[in-house]
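Taking our numbering, the leading residue of the sequence shown gets 423, the next gets one more, and so forth.
Each residue gets a CB set at the ideal place from its N, CA and C atoms; glycine is no exception.
Just so you know, these numbers come straight off a predicted model, no measurement behind them.
Reading through the structure tokens given below for one structure.
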Amino acid sequence: MTIRTLGVYYPGTSFLHRLPAAAKLVGLVLWVIAVAVGCRQVSWVTVPFILVAILLAVVHAPVRIVWAQIWPTLPLLALIALYQWWAVGWQEALRITGIILCCVLAAISVTLTTRVTDMIDGYVVLLHPLRRLGIPTDRIALTFALTLQTIPVISAMVNDVRESLWSRSATRSLRALTTPLLSRILLYADGVADALVARGIDDSPGH
Numbered sequence: 423m424t425i426r427t428l429g430v431y432y433p434g435t436s437f438l439h440r441l442p443a444a445a446k447l448v449g450l451v452l453w454v455i456a457v458a459v460g461c462r463q464v465s466w467v468t469v470p471f472i473l474v475a476i477l478l479a480v481v482h483a484p485v486r487i488v489w490a491q492i493w494p495t496l497p498l499l500a501l502i503a504l505y506q507w508w509a510v511g512w513q514e515a516l517r518i519t520g521i522i523l524c525c526v527l528a529a530i531s532v533t534l535t536t537r538v539t540d541m542i543d544g545y546v547v548l549l550h551p552l553r554r555l556g557i558p559t560d561r562i563a564l565t566f567a568l569t570l571q572t573i574p575v576i577s578a579m580v581n582d583v584r585e586s587l588w589s590r591s592a593t594r595s596l597r598a599l600t601t602p603l604l605s606r607i608l609l610y611a612d613g614v615a616d617a618l619v620a621r622g623i624d625d626s627p628g629h
């Protein structure tokens with residue numbers, strides 16, 4: 423397994439690809455804050471939505487790749503929207519759901535344009551002041567980066583296994599989906615572990 427398979431990275435030459443990882447991570451945090459605080463009315467959500475759509479278009483990633491990152495979040499977004507609709511009305515439901523979707527799309531644009539190694543370096547840069555307190559910032563950065571990159575990978579695995587089962591007219595039971603999915607996840611985890619060890623990262627003392 424190569425380092426590229428550690429995450430969903432789409433190579434390109436856009437300005438977002440060229441930005442340092444630390445700058446993108448800071449920008450993502452500021453984006454989330456700005457959208458959450460600034461979108462006080464449902465109509466205002468259209469502005470960040472258009473902006474993030476343009477950002478994804480600049481990345482030039484195929485629609486199928488972007489969609490593969492979005493669709494796993496849709497059931498949760500639907501539940502949030504239904505609850506908010508019941509609790510405070512449809513306008514607030516649209517506003518909150520729109521804000522979350524804009525933040526998810528922004529995060530996708532970061533993961534699509536940032537290699538996992540660059541992501542780790544970005545976290546290390548941002549967490550560097552904590553080293554003075556004896557906090558293992560390298561390991562924290564690695565954990566953050568792998569978590570961010572692994573979620574869409576597993577989502578893609580679920581989609582692949584499901585489509586494979588359905589194309590063979592196999593049963594759509596949870597058990598039929600779980601067995602091959604767990605096998606793929608374990609193989610992926612072994613590959614990630616091998617890639618980390620090859621880079622001198624393991625859990626033995628002194629590392």
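Is the separation between the beta-carbon of residue i and that of residue j shorter than 8 Å?
i, j, result
"A611", "A490", "no"
"L376", "L438", "As shown, the chain starts at 423 and ends at 629. That puts residue 376 outside it, with no answer to give."
"A529", "L450", "yes"
"L548", "V481", "no"
"L599", "L587", "yes"
"V464", "G556", "no"
Let me confirm a value: residue i is counted as buried when at least 16 other C-beta atoms fall within 10 Å, else exposed. Which label applies?
i, result
"A503", "buried"
"P627", "With a pLDDT of only 46 at P627, under the threshold of 50, the placement of this residue in the model should not be trusted, and no figure is reported."
"G544", "buried"
"S531", "buried"
"Y431", "buried"
"P517", "The residue asked about is misnamed: residue 517 is Arg in this sequence, not Pro. R517 comes out buried."
"V614", "buried"
"T565", "exposed"
"R537", "buried"
"A483", "buried"
"I455", "exposed"
"L523", "buried"
"T559", "buried"
Would you tell me roughly how many angstroms separate the C-alpha atoms of residue i and residue j, rounded to the nearest one?
i, j, result
"W607", "I576", "A small correction: the amino acid at residue 607 is Ile; Trp does not occupy that position in the sequence shown. Their backbone Cα atoms lie some 7 Å apart in a straight line."
"W466", "V488", "24 Å"
"L552", "L447", "17 Å"
"D582", "R554", "45 Å"
"V403", "A479", "Outside the modelled stretch of the chain, which goes from 423 to 629, sits residue 403, for which no answer is possible."
"A617", "T539", "11 Å"
"V580", "L603", "7 Å"
"T427", "G434", "Confidence is the limiting factor: at T427 the pLDDT is only 37, short of 50, which leaves the residue's position unreliable, though a coordinate-based value still follows. T427 and G434: Cα-Cα distance of roughly 16 Å."
"V546", "T569", "15 Å"
"V485", "A509", "34 Å"
"V394", "W453", "The requested residue 394 does not occur in the structure, where the chain is confined to residues 423 to 629."
"I501", "C461", "Position check: residue 501 holds Leu in this sequence, whereas Ile was assumed. Roughly 21 Å separates the two Cα atoms."
"R584", "I542", "31 Å"
So what's residue i in DSSP terms, helix, strand or just coil?
i, result
"I557", "coil"
"H550", "helix"
"G511", "coil"
"G520", "helix"
"C525", "helix"
"V430", "coil"
"R462", "coil"
"A483", "coil"
"R584", "helix"
"R537", "coil"
"T435", "coil"
"V619", "helix"
"P442", "coil"
"I476", "helix"
Quick test of the definition: if touching needs 3 or more C-beta pairs under 8 Å, does the stretch 491-500 touch the stretch 465-472? These segments do not touch.
Would the stretch 508-520 count as touching the stretch 437-449 if we require 3 or more Cβ pairs under 8 Å? No: the two stretches stay apart, fewer than three of their Cβ pairs being nearer than 8 Å.
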